[in-house]
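Taking it in order: structure first as structure tokens, then the write-up.
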Amino acid sequence: MNTAYYFIKMDWFNIYGLAAIVVILIPNIFYAAFGGAESQSQFNNKIISLFEQVGRYGCMLFMVFNVPYTYFGFWFDNALFVYILIGAILLFLYCLSWVVFSKRNNLKRAIWLSVTPTVLFAFCGIAIASIPLILFSIIFGISHITISCKTCA
Numbered sequence: 054m055n056t057a058y059y060f061i062k063m064d065w066f067n068i069y070g071l072a073a074i075v076v077i078l079i080p081n082i083f084y085a086a087f088g089g090a091e092s093q094s095q096f097n098n099k100i101i102s103l104f105e106q107v108g109r110y111g112c113m114l115f116m117v118f119n120v121p122y123t124y125f126g127f128w129f130d131n132a133l134f135v136y137i138l139i140g141a142i143l144l145f146l147y148c149l150s151w152v153v154f155s156k157r158n159n160l161k162r163a164i165w166l167s168v169t170p171t172v173l174f175a176f177c178g179i180a181i182a183s184i185p186l187i188l189f190s191i192i193f194g195i196s197h198i199t200i201s202c203k204t205c206a
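Structure follows, in structure tokens:
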């Protein structure tokens with residue numbers, strides 16, 4: 054029996070992408086609410102910051118909504134299962150890294166917390182063949198990793 058039978062089918066609305074965005078936002082909300090605000094970035098490149106925001110919100114949008122004619126769906130057998138499994142592993146590692154690095158503010162933390170969501174967005178985009186999600190994940194990754202690394206430098 055096909056394993057996709059046990060999962061909710063995705064069409065224009067991606068419930069799995071919505072769940073991933075919620076999981077990513079939870080530690081970020083806690084960080085902002087309980088002490089992250091005073092350690093804001095000293096990196097002030099407005100263009101890279103703009104690209105980061107465009108990439109971030111683009112990824113969030115296209116993780117949740119599959120716009121017709123911009124995505125082609127899963128392109129291999131059992132892709133939904135792999136999509137959920139790899140996504141869950143990346144989300145777990147992302148949340149775990151918030152715990153592991155909670156008292157540290159160093160380059161290792163910055164890289165880990167910026168690369169993990171970038172890989173998640175890129176993987177999801179590739180898995181469902183979503184052109185906008187792939188493009189926005191590249192924009193987000195380059196700018197977010199740059200800002201994270203420059204902030205710790």
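Just so you know, the sequence shown maps onto residues 54 to 206 in our numbering. Backbone N, C-alpha and C fix where the C-beta goes; we use that ideal spot for every residue, glycine too.
>> On a Cα-Cα basis, can you pick out the residue from S150, I181, I184 that is closest to P170?
In response: The count along the sequence shown starts at 1 and reaches residue 170 at position 117. The closest CA to that of P170, considering only S150, I181, I184, is found on S150.
> Which residues bound the alpha helix (DSSP H) around A141?
Replying inline: Here residue 141 refers to the residue found at position 88 when the sequence shown is read from its first residue. From DSSP, the alpha helix (DSSP H) with A141 extends over 132-153.
>> According to DSSP, simplified to helix, strand and coil, what is Y124?
In response: Position 71 of the sequence shown holds residue 124. Of the three classes helix, strand and coil, the one that applies to Y124 here is strand, per DSSP.
>> What does the alpha-carbon distance come out to for the pair G108 and C202?
In response: Translated into positions along the sequence shown, residue 108 becomes position 55. Translated into positions along the sequence shown, residue 202 becomes position 149. Taking the Cα positions, G108 is about 17 Å away from C202.
> On the three-state DSSP scale, how would you describe F118?
Replying inline: Here residue 118 corresponds to residue number 65 of the sequence shown, with the count starting at 1. In the structure shown, F118 sits in a strand (DSSP, three-state: E or B).
> Looking only at DSSP bridge pairs, what is S183 linked to?
Replying inline: Indexing the sequence shown from 1 puts residue 183 at position 130. In DSSP, S183 forms a bridge with Y124.
> Any idea what DSSP makes of F96, helix, strand or coil?
Replying inline: Looking up residue 96 in the sequence shown gives position 43. The three-state reading of DSSP puts F96 in coil, since its state is none of H, G, I, E or B.
> Secondary structure at F66, three-state DSSP: helix, strand or coil?
Replying inline: To locate residue 66, count along the sequence shown from 1; it is residue 13. Three-state result, F66: strand.
>> Once DSSP output is grouped into helix, strand and coil, what is the label at K156?
In response: The sequence position of residue 156 within the sequence shown is 103, counting from 1. In the structure shown, the three-state DSSP call for K156 is coil.
> In the structure shown, what three-state DSSP assignment does F174 receive?
Replying inline: Position 121 of the sequence shown, counted from the first residue, corresponds to residue 174. Under the three-state reduction of DSSP output, F174 falls in the helix class.
> Is the CB-CB distance between G178 and F118 below 9 Å?
Replying inline: Position 125 of the sequence shown, counted from the start, is the residue given in the question as residue 178. Position 65 of the sequence shown, counted from the start, is the residue given in the question as residue 118. If you check the CB distance, G178 and F118 do not come in under 9 Å.
>> Would the region 187-201 count as touching the region 126-143 if we require 3 or more Cβ pairs under 8 Å?
In response: Cβ pair count under 8 Å is below three, so no.
> Within this structure, are the beta carbons of Y136 and F127 separated by less than 9 Å?
Replying inline: Locating residue 136 in the sequence shown gives position 83, counting from the first residue. Locating residue 127 in the sequence shown gives position 74, counting from the first residue. Yes; because the gap between Cβ atoms is below 9 Å, this pair is in contact.
>> So the candidates are L188, C205, A72; which of them puts its Cα closest to the Cα of F104?
In response: Position 51 of the sequence shown, counted from the start, is the residue given in the question as residue 104. Minimum Cα distance to F104 is reached at L188.
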